[in-house]
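Sequential numbering of the sequence shown, starting at 1437, is according to the numbering used here. Notes to accompany the following structure.
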Amino acid sequence: MTLHLPHKFAHEQSRQNTLLDLSALGTDGPGIEDALRAVMEQPQPRLVGFRCPARLGSIDDAIGLMERVRRDYGVILTELVLADADRVDLREAVDEALDEACARNRFPRPSVVFTGRPAVSALMKS
């Protein structure tokens, strides 16, 4: 059960959970650093995790970046959204990659969401 308490001030808004898409930003360089700083310095968005391709190297990079966010900002990210993960055999490999990356980085295992490829409607095909 969730209890929603009224805000102390009428103008105060609740924070919005936010994911950063690593496929657009990468995990190294100024792009990700600027995006992290922008989200962490804003009062409304709350960074909760990352979205990345469901490839083993990408997962390892995402968990490493989650550990860096914990170290640099004191925030534990709890969600990882893996895109284009519509094959069962890939999911088993991802499970192993997550276990290894979390152990190596001493990072708690995040909640994982698998997303498939977007469906193309019959109207779009014609």
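Cβ atoms here follow ideal geometry from the backbone N, Cα and C, with glycine treated the same way. Because the structure is a prediction, the values reported are computed rather than measured.
- Less than 9 Å separates the beta-carbon of Arg1482 from that of Gln1452.
- Counting along the chain, the unbroken beta strand (DSSP E) around Val1549 starts and ends at Ser1547 to Phe1550.
- In the DSSP annotation of this structure, the continuous segment of the alpha helix (DSSP H) that includes Arg1507 starts and ends at Leu1492 to Tyr1509.
- When beta bridges are read from the DSSP output, Asn1453 appears opposite Arg1482.
- In the DSSP assignment, the residues bridged to Leu1516 are Phe1486 and Val1548.
- Looking from the CA of Asp1457, the closest CA among Asp1496, Arg1487 and Ile1468 belongs to Arg1487.
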